[in-house]
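**Student:** Numbering (the UniProt record's numbering), first residue to last: 1 to 105. We treat Cβ as the ideally placed atom computed from N, Cα and C, and that holds for glycine. Below: one structure in structure tokens.
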């Protein structure tokens, strides 16, 4: 993991990597999925109910989240089960909520 040095500006690639993760989260359905997974591992069949979309659409969202390194999956029988790979992403949600609250003041 690249760390930030206060004197040397970080390489552009670090910002590009951060943007990739943020883009993966930048959709209401994917935010719902991450919120659902914050309560624990979920079957893709359950996530389709939470998002209110068909399995194909939810699978595409999950693939983006997986590619960004936010979730991981495990195949069990005919279903895939998903969990947060890095639960610290929820800290980002708390930060966003704080920004929203500050904007309402």
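Among 86, 104 and 58, whose alpha-carbon lies nearest the alpha-carbon of residue 33?
**Tutor:** Counted from its first residue, the chain shown places residue 33 at position 33. The shortest Cα separation from residue 33 among 86, 104 and 58 belongs to 58.
**Student:** So, at 7 Å on beta carbons, what are the nonlocal neighbours of residue 188 in its own chain, with the 5 sequence-adjacent residues on each side left out?
**Tutor:** Since the displayed the chain opens at 1 and closes at 105, residue 188 lies outside it and no answer follows.
**Student:** Can you give the Cα-Cα distance for residue 95 and residue 18, rounded to whole angstroms?
**Tutor:** Your numbering for residue 95 matches position 95 in the chain shown. Your numbering for residue 18 matches position 18 in the chain shown. Roughly 16 Å separates the two Cα atoms.
**Student:** Nearest to residue 35 by alpha carbon, out of 12, 71 and 76?
**Tutor:** Translated into the one-based positions of the chain shown, residue 35 becomes position 35. If we check each option's Cα against that of residue 35, 71 comes out closest.
**Student:** Helix, strand or coil: which one does DSSP assign to residue 41?
**Tutor:** Reading the chain shown from its first residue, position 41 is the one you call residue 41. In the structure shown, residue 41 sits in coil (DSSP, three-state: anything other than H, G, I, E or B).
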